[in-house]
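Engineer: So the mapping is simple: the working numbering equals the position in the sequence shown, first residue as 1, plus 1312.
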Amino acid sequence: MIVMSNKIYRVLDEESGTYISKVAGFIRSEKYTNVDSAYVYSKEQATKIVELMNYMRDHMLKEENLPSGLEENLRNQTLAIIEVELKDVKLSLEEIARALESAKSKKIPEEQAFRNAQWERIRRYHDYFDYDISTPSHQYIYMRNCF
């Protein structure tokens, strides 16, 4: 079980301006353009991603016949673990609608309902970090375009 802290982090490739995410054992590099990009992690998970990326980079640089552009990009790659604020975690329209319904039914301020929805999204990110792709629900998640 992962203990949630109040601090959340992203892994940034400073050279390209993309964020690195790990989903079910797969590495993703993407700009933060939509709800399901640029996942946030605990410091421990972000550190594991950086270690994995550094290992892969070192391994790839040992390969012969590496395209020069790729080799240059790998040599220039600088990864940073950056702390982000909860307000930077985007919600989908469906999550916003559920948060508004939650605020009404629980009689809590909308701001609190949105924070709760953001923390729920963060918990899902943590679940996806080591998600086993051999489970039947894995295919369901991809069919639903959750990633």
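Even glycine gets a Cβ: it sits at the ideal position worked out from N, Cα and C.
#1: Going by DSSP in three states, T1390 sits in which element: helix, strand or coil?
#2: Our contact map puts T1330 next to S1341 with C-beta atoms below 8 Å; I'd like the distance itself, whole angstroms only.
#3: With DSSP run on the structure shown, which of helix, strand or coil describes I1434?
#4: Do E1423 and L1412 count as a contact pair if the criterion is CB distance below 8 Å?
#5: Output needed for E1327: all residues of its chain with C-beta closer than 8 Å, excluding positions within five of it in sequence on either side, in chain order.
#6: Pull the bridge partners of L1364 from the DSSP assignment, please.
#7: Going by DSSP, what residue range makes up the alpha helix (DSSP H) through L1412?
Structural biologist: Short version:
#1: Reduced to three states, the DSSP call for T1390 is coil.
#2: Cβ-Cβ separation between T1330 and S1341: approximately 5 Å, consistent with a contact (criterion under 8 Å).
#3: For I1434, the three-state secondary structure derived from DSSP is helix.
#4: No, the Cβ-Cβ distance between L1412 and E1423 is not below 8 Å.
#5: The residues are N1385, N1388, Q1389 and T1390.
#6: In the DSSP output, where bridge partners are listed per residue, L1364 has none listed.
#7: For L1412, the enclosing alpha helix (DSSP H) begins and ends at L1405 to K1418.
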